[in-house]
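Counting along the sequence shown from 1, when you hit position 10 you're at 654 in this note's numbering, and nothing is skipped either side.
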Amino acid sequence: DVMAYIQSQKGNNNTQRTLQTKLNGIKHYFNYLKSTKKIVENPTVHIMIKGIKRKVLYNTLNRQELDALYYHFKLPEENDKHKNQNWFYKAMLTAKRNKVILGLVVYQGLNSLELSNLTDKDLKLKEGKIFIAAGRRSNERDLKLEAHQILDLMEYISVIRKELLALSRKENDSLFISIAGSEKFNNIVTQLIKKLNSQNKKVTSLKQLRTSVITYWLKLYNLRQVQHMCGHRYVSSTEGYLINDIDDLSEEINKFHPI
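See the structure below:
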């Protein structure tokens with residue numbers, strides 16, 4: 645019935661993009677029926693409209709490169725000749741904060757909005773987890789923290805964050821504090837990416853790092869598990885990252901095939 649409807653719409657001067665939009669509306673309706681237990685399966689899940697330019701994901705970092713960003717993240721030297729200067733102290737605090745932010749990107753795959761919405765109450769250090777609240781386009785979830793992250797997070801919560809709050813002179817429930825107080829989180833991200841690019845020229849954006857993490861997860865876990873870890877509302881959002889696996893396979897063929 646759905647396919648017959650799509651065929652009937654082709655004669656009404658509808659573009660492929662318009663057909664896809666109409667199909668998406670039907671998919672959302674069947675998702676609603678499934679959520680209310682009126683149907684068991686969504687029959688439109690695997691129906692796609694051909695001839696539409698899809699989002700292509702490329703230039704991702706592998707797991708070793710992501711780990712290197714975290715482990716080699718440069719902090720101001722404790723024996724620096726400027727260590728007694730006020731600016732040096734602030735630079736140390738913000739660098740340690742930024743390393744914690746980086747960890748949540750390369751190990752939990754958080755995006756900029758999720759990072760900015762985190763509060764100190766979302767950390768569950770005794771359980772080794774962090775809670776990510778639901779957003780307009782994402783589901784809530786609990787994600788496991790890596791052991792080396794927990795040490796940095798403990799220092800951040802017990803020392804660094806308190807010092808940053810004192811310098812900002814403002815009360816704030818946000819997990820990540822800027823010295824300026826009113827500084828937008830995007831400014832923090834911009835400075836972080838600039839520093840990471842000096843470590844690895846391949847790094848271009850936070851979105852690229854998240855894409856790299858999700859691509860890696862898809863090689864380890866099934867689609868539904870990755871959907872949960874990403875917080876995607878719809879599995880189709882997660883499926884969009886599968887194209888990276890195809891790109892990786894193409895690179896392997898070009899590199900190792902005898903022809």
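For every residue, glycine included, the Cβ atom is placed at its ideal position computed from N, Cα and C.
{"Query": "Per DSSP, the bridge partner or partners of Phe775", "Result": "Asp786"}
{"Query": "Leu769 versus Leu819 - alpha carbon distance", "Result": "13 Å"}
{"Query": "Asn783 vs Gly875 beta-carbon contact at 8 Å", "Result": "yes"}
{"Query": "Neighbourhood of Tyr665 by C-beta, 8 Å cutoff - its chain only, sequence neighbours within 5 removed", "Result": "The sequence as given places Thr at residue 665; Tyr does not occur at that position. Excluding sequence neighbours, Thr665 sits near nothing in its chain."}
{"Query": "Cβ neighbour criterion (16 or more within 10 Å) applied to Leu710", "Result": "buried"}
{"Query": "Per-residue DSSP class, three states only, for Lys770", "Result": "coil"}
{"Query": "Inter-residue Cα distance where the pair is Thr882 and Val847", "Result": "22 Å"}
{"Query": "Close beta carbons around Ile801, own chain, < 8 Å, minus the five adjacent residues each side", "Result": "Asp764, Leu767, Leu769"}
{"Query": "Collapsed DSSP secondary structure at His872 in the structure displayed", "Result": "helix"}
{"Query": "Where Trp861 falls, given that 16 or more other Cβ within 10 Å makes a residue buried", "Result": "buried"}
{"Query": "N- and C-terminal bounds of the alpha helix (DSSP H) containing Met798", "Result": "791 to 799"}
{"Query": "Bridge-paired residues (DSSP) for Ser679", "Result": "According to DSSP, Ser679 bridges with nothing at all."}
{"Query": "Straight-line Cα distance separating Ser756 from Asn830", "Result": "7 Å"}
{"Query": "In DSSP terms, what Thr763 is bridged to", "Result": "Ser818"}
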